[in-house]
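A.B. asks: Just so we're aligned, residue 206 is where the sequence shown starts under my numbering, counting upward by one. Where is the CB? At the ideal position from N, CA and C, for every residue including glycine. This structure is a prediction, so every number in the text was calculated from the model and none was measured.
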Amino acid sequence: MTWIDRAILFSPLDYAAILFLLGAWLWIGWRIEHPAAHKPSVSMMMDDFRRKWMREMVTRQPRMFDAQVVGTMRQGSTFFASTTMIAIGGGVALMGNTERLAGVAKDLAIGSAPAVVWEVKILIVILFLANAFLKYVWAHRLFGYCAVLMAAVPNDPDNSEAYPRAAQAAEICVTAARSFNRGLRVTYFALGALAWILGPVALIVSSLITLGVLYRREFVSHSRTVLMTRPPNTET
């Protein structure tokens with residue numbers, strides 16, 4: 206079977222659904238990382254807090270709390286990387302047993318299709334998960350860099366290198382968090398891509414739901430309202 210024969214196994218609606226999935230993923234990522242000035246996303250506001258955190262770290266003694274926070278973030282990226290790798294392994298195993306998946310689809314009255322169709326649908330999910338895995342691994346490494354830079358910040362706040370080093374640590378921490386957040390978004394859409402097994406309409410609906418969930422959490426969630434609230438001025 207040539208690639209042309211495989212291509213015609215999918216309907217125009219299938220191709221439209223995949224393009225919509227990819228477009229939704231790329232658009233929400235761009236929107237979150239390039240928000241309007243009057244409506245920042247939660248991720249961008251957290252970047253500002255990370256920079257403030259590193260400035261506060263310069264004068265905090267001891268710095269055990271800061272080390273624990275970075276360690277927790279590294280553990281989070283490790284957990285998601287491990288989980289994603291397990292999911293990839295499960296997807297690869299399922300690709301080798303598409304006959305069983307086709308049987309389940311037939312029992313659910315989804316329809317019948319050649320094995321290559323199911324393999325492609327699973328492959329899309331695996332590709333999303335592989336992208337997420339790479340993001341998590343890179344975030345884990347960057348959090349490690351951040352920890353080293355934090356350790357290099359002089360204990361004396363009057364030292365000329367203290368705040369520049371802290372600023373460097375902050376930017377590495379921001380980059381690490383951005384990679385981690387990108388991995389999370391890809392994981393969301395990987396779960397959404399599973400709906401393609403039910404058909405292209407289900408994939409479009411799933412993509413819309415995923416897009417809506419991500420948009421709400423970044424721009425209209427309660428957590429964003431809390432972050433936008435300025436603390437009361439207690440100065441007399």
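I need the straight-line Cα distance from E376 to N302, nearest angstrom please.
C.D. replies: Cα-Cα distance, rounded: 45 Å.
A.B. asks: Quick one: grab the DSSP three-state call for S411.
C.D. replies: In this structure, S411 counts as helix in the three-state DSSP scheme.
A.B. asks: Mind checking V325: buried by the 16 CB within 10 Å criterion, or exposed?
C.D. replies: By the 10 Å Cβ count, V325 comes out buried.
A.B. asks: Using 10 angstroms around the beta-carbon of F254, count the other beta-carbons present and answer buried if the total reaches 16, otherwise exposed.
C.D. replies: By the 10 Å Cβ count, F254 comes out exposed.
A.B. asks: Considering only the alpha carbon of each residue, which of K340, C351 and F348 lies closest to T392?
C.D. replies: Comparing Cα positions, the closest option is K340.
A.B. asks: Counting pairs of beta carbons, one from the segment 406-416 and one from the segment 226-238, are three or more of them closer than 8 Å?
C.D. replies: Cβ pair count under 8 Å is three or more, so yes.
A.B. asks: Quick test of your reading: V274 and A367, contact by CB under 8 Å. State the CB separation rounded to the nearest angstrom.
C.D. replies: At roughly 19 Å, the Cβ-Cβ gap does not stay under 8 Å, so V274 and A367 are not in contact.
A.B. asks: Assuming I233 contacts L419 (C-beta within less than 8 Å), just tell me the rounded distance between them.
C.D. replies: With 8 Å as the limit, I233 and L419 qualify as a contact, their Cβ atoms being about 5 Å apart.
A.B. asks: Classify W235 as buried or exposed, calling it buried when 16 or more other Cβ atoms lie within 10 Å of its own Cβ.
C.D. replies: Its Cβ having fewer than 16 others within 10 Å, W235 is exposed.
A.B. asks: Measuring straight from C-alpha to C-alpha, what distance separates A372 and I329?
C.D. replies: Cα to Cα, A372 sits roughly 39 Å from I329.
A.B. asks: May I ask you to verify whether the segment 395-403 touches the segment 348-364, counting CB pairs closer than 8 Å and requiring at least 3?
C.D. replies: Segments in contact, no.
A.B. asks: If you drop the 5 nearest sequence neighbours on each side, which residues of the same chain put their C-beta closer than 8 Å to that of M251?
C.D. replies: Answer for M251: A382 and L432, listed in chain order.
A.B. asks: By Cβ distance below 6 Å, which residues in the same chain neighbour R387 in space, the five residues on each side in sequence not counted?
C.D. replies: Within the same chain, R387 has close Cβ partners K340.
A.B. asks: If we ignore side chains and look at the alpha-carbon of each, how far apart do P436 and S248 end up?
C.D. replies: Computed Cα separation, rounded: 19 Å.
A.B. asks: If you drop the 5 nearest sequence neighbours on each side, which residues of the same chain put their C-beta closer than 6 Å to that of E423?
C.D. replies: These residues qualify, in order along the chain: I237, S246 and V247.
A.B. asks: Please list the terminal residues of the continuous alpha helix (DSSP H) segment that includes R387.
C.D. replies: Looking at the DSSP string, the run of the alpha helix (DSSP H) that includes R387 is A367 to A398.
A.B. asks: Since A374 and L354 should fall inside the 8 Å C-beta cutoff, what is the C-beta to C-beta distance between them, to a whole number of angstroms?
C.D. replies: That pair is a contact at about 4 Å.
A.B. asks: Give me, in chain order, the residues of the same chain whose beta-carbon lies closer than 7 Å to that of P319; leave out the 5 immediate sequence neighbours on both sides.
C.D. replies: Only L214 meet the Cβ criterion.
A.B. asks: Roughly how many whole angstroms lie between the Cα atoms of K257 and F285?
C.D. replies: If I take the Cα positions, the gap works out to 27 Å.
A.B. asks: Less than 7 Å between C-beta atoms, sequence neighbours within five positions excluded: which residues of the same chain meet that for W343?
C.D. replies: Only S384 meet the Cβ criterion.
A.B. asks: Could you tell me which of L334, R268 and V406 sits nearest to D451, measuring between CA atoms?
C.D. replies: Within the shown structure, residues of the chain are numbered from 206 to 441, placing residue 451 beyond reach of any answer.
A.B. asks: By alpha-carbon positions, which one of A222, F333, M278 and R279 ends up nearest to R390?
C.D. replies: Per the Cα distances, F333.
A.B. asks: Candidates G417, F394 and R421: which alpha carbon is nearest L224's?
C.D. replies: If we check each option's Cα against that of L224, F394 comes out closest.
A.B. asks: Can you tell me whether V275 is helix, strand or coil according to DSSP?
C.D. replies: V275: helix per DSSP, three-state reduction.
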